[in-house]
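A.B. asks: I have a structure here, written as structure tokens, and I will follow up with some questions on it.
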Amino acid sequence: MAQTTFWQWIFPDKGERPYYDKISEFFNKIDGEVYVGHEKDNYVIVGGGTISYDSGQGKLTWSEAIICRNLVTGYSYTILAGNLIGLSNGDYIYIDIDRGLNSDKQTTLKSGNSVLGMNSNMLIIGYIYGDSFWTNIMRKI
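Remember, my numbering sits 12 above the position in the sequence shown when you count from 1.
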């Protein structure tokens with residue numbers, strides 16, 4: 013079985029027949045990858061009230077709930093007002109997401125210094141750069 017270079021999508025070897033199973037798997041993989049991109053690109057993030065970042069303490073604070081609404085499913089993640097501590101330069105702020113969200117959910121912000129690939133279950137909220145917090149729309153706080 014042959015594979016593409018980057019995504020390792022499979023396709024039938026030259027002259028292989030019947031090849032329905034492999035072609036079916038190939039198109040389902042493409043379908044899944046496109047859906048993931050579509051789903052992750054269709055979140056609207058609102059709220060948060062007053063958001064501040066104290067680089068001396070590595071502390072991000074938000075005064076009101078942050079709502080991450082998925083425009084594909086219509087459901088939302090809610091992050092209650094609070095703070096995230098222990099942040100430093102190069103950290104990403106994110107939430108874990110479910111594929112095919114089918115109900116509203118409450119979640120918490122997390123941080124890490126690396127981001128997984130497009131097919132990961134992460135929605136990036138912001139990034140710590142130097143002494144500032146940048147939102148996912150490149151707004152400095």
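Ideal Cβ positions, reconstructed from N, Cα and C, are used throughout, including at glycine.
Computed from a prediction, not measured in an experiment: that's the story for all the values here.
Pop quiz: Ile97 and Lys71 are said to be a contact at Cβ under 8 Å. What is the actual Cβ separation, rounded to whole angstroms?
C.D. replies: Here residue 97 is taken as the residue at index 85 of the sequence shown, counted from 1. Here residue 71 is taken as the residue at index 59 of the sequence shown, counted from 1. Between Lys71 and Ile97 the Cβ distance is about 5 Å, and since that is below 8 Å, they are a contact.
A.B. asks: Ordered along the chain, which non-local residues of its own chain (more than five positions away) have a Cβ less than 6 Å from that of Asp108?
C.D. replies: Start at 1 with the first residue of the sequence shown, and residue 108 comes out as number 96. Within the same chain, Asp108 has close Cβ partners Asn133.
A.B. asks: Closest by CA to Arg81, which one among Glu37, Gly44, Asn114 and Phe23?
C.D. replies: Position 69 of the sequence shown, counted from the first residue, corresponds to residue 81. Answer by Cα proximity: Asn114.
A.B. asks: Relative to the alpha-carbon of Thr85, which residue among Glu37, Met13 and Val56 has its alpha-carbon at the smallest distance?
C.D. replies: On the sequence shown, position 73 is the one that residue 85 refers to. Out of Glu37, Met13 and Val56, Val56 has the C-alpha closest to the C-alpha of Thr85.
A.B. asks: So, with DSSP's three-state summary, where would you put Gly44?
C.D. replies: The residue labelled residue 44 in the question sits at position 32 within the sequence shown. Helix at Gly44.
A.B. asks: Looking only at its chain, what residues have a beta carbon closer than 6 Å to the beta carbon of Val58, apart from the 5 residues adjacent to it on each side?
C.D. replies: Here residue 58 refers to the residue found at position 46 of the sequence shown. So the qualifying residues of the chain are Ile79.
A.B. asks: For Ala77, collect the residues of the same chain with a Cβ closer than 7 Å to its Cβ; drop the 5 residues on either side in sequence, then sort them by chain order.
C.D. replies: Against the sequence shown, residue 77 aligns to sequence position 65. When the five nearest sequence neighbours on each side are left out, the beta carbons in the same chain lying within less than 7 Å of the beta carbon of Ala77 are those of Gly59, Thr90, Ile91, Leu92 and Ala93, in order along the chain.
A.B. asks: Which of helix, strand or coil does DSSP assign to Ile35?
C.D. replies: Position 23 of the sequence shown, counting from 1, holds the residue named residue 35. Of the three classes helix, strand and coil, the one that applies to Ile35 here is helix, per DSSP.
A.B. asks: Once you ignore the five residues that flank Ser100 on each side, which residues in its own chain have a CB closer than 6 Å to its CB?
C.D. replies: Along the sequence shown, read from residue 1 onward, the residue named residue 100 stands at position 88. Taken in chain order, the residues that qualify are Gly70.
A.B. asks: Quick check: what's the CA-CA separation for Thr62 versus Thr16?
C.D. replies: Here residue 62 corresponds to residue number 50 of the sequence shown, with the count starting at 1. Here residue 16 corresponds to residue number 4 of the sequence shown, with the count starting at 1. Answer to the nearest angstrom: the Cα atoms are 47 Å apart.
A.B. asks: Quick one: using the 10 Å Cβ neighbour count with 16 as the cut-off for buried, is Tyr141 buried or exposed?
C.D. replies: Here residue 141 refers to the residue found at position 129 of the sequence shown. The C-beta of Tyr141 has fewer than 16 other C-beta atoms within 10 Å across all chains shown, which makes the residue exposed.
A.B. asks: What three-state label does DSSP hand Trp146 in the structure shown?
C.D. replies: Start at 1 with the first residue of the sequence shown, and residue 146 comes out as number 134. Note: Trp146 maps to strand in three-state DSSP.
A.B. asks: Which runs of the beta strand (DSSP E) at least 3 residues long sit entirely within the stretch 67 to 130? Give them in chain order.
C.D. replies: 71 to 74, 78 to 82, 88 to 91, 94 to 96, 104 to 108, 117 to 119 and 122 to 124
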